[in-house]
Amino acid sequence: MNIPASFIIQKMEAELAQLKASVNNPQQASEYREHAQAIKTYAELLLDSGSKPSYASSQPVQHAQVADVKPSAPMQQPQAQPTKQASKDIYDNGNEPESDSLFDF
Numbered sequence: 185m186n187i188p189a190s191f192i193i194q195k196m197e198a199e200l201a202q203l204k205a206s207v208n209n210p211q212q213a214s215e216y217r218e219h220a221q222a223i224k225t226y227a228e229l230l231l232d233s234g235s236k237p238s239y240a241s242s243q244p245v246q247h248a249q250v251a252d253v254k255p256s257a258p259m260q261q262p263q264a265q266p267t268k269q270a271s272k273d274i275y276d277n278g279n280e281p282e283s284d285s286l287f288d289f
């Protein structure tokens with residue numbers, strides 16, 4: 185909705201004049217809330233019409249390029265370490281079983 189601000193301000197001034205008249209006139213004292221609400225609505229309309237949508241000011245998304253992902257200097261690969269390390273013997277000296285079976289007593 186593209187309403188000129190000057191038009192909204194003219195409507196607000198007209199409502200303000202009616203609000204002043206209803207406050208000063210005891211017979212129309214109950215109508216002042218309606219005029220105050222109308223002024224509030226005009227003010228909100230004025231504020232909303234001046235704001236731009238948030239999506240219009242957002243920057244376009246920049247995706248990563250292949251050059252951004254590739255490392256610039258070649259990385260040194262770590263030296264291959266032995267995969268099997270010497271395991272600690274779980275048996276006492278001289279008490280080694282003949283097999284690894286649990287059923288050998």
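The letter at position 100 of the sequence shown is residue 284 when you use our numbering, and the numbering goes up by one with no holes.
Cβ atoms here follow ideal geometry from the backbone N, Cα and C, with glycine treated the same way.
The continuous alpha helix (DSSP H) containing Ala251 extends over residues Val250 to Val253. The alpha-carbon separation between Ile193 and Pro244 amounts to approximately 37 Å. The Cβ atoms of Tyr226 and Lys204 do not sit closer than 8 Å to each other. Judged by DSSP in its simplified three-state form, Asn208 adopts helix. For Glu228, the number of other beta carbons within 10 angstroms of its own is below 16, and it is reported as exposed. Counting the other CB atoms within 10 Å of its CB gives Glu199 a total of 16 or more, which places it among the buried residues.
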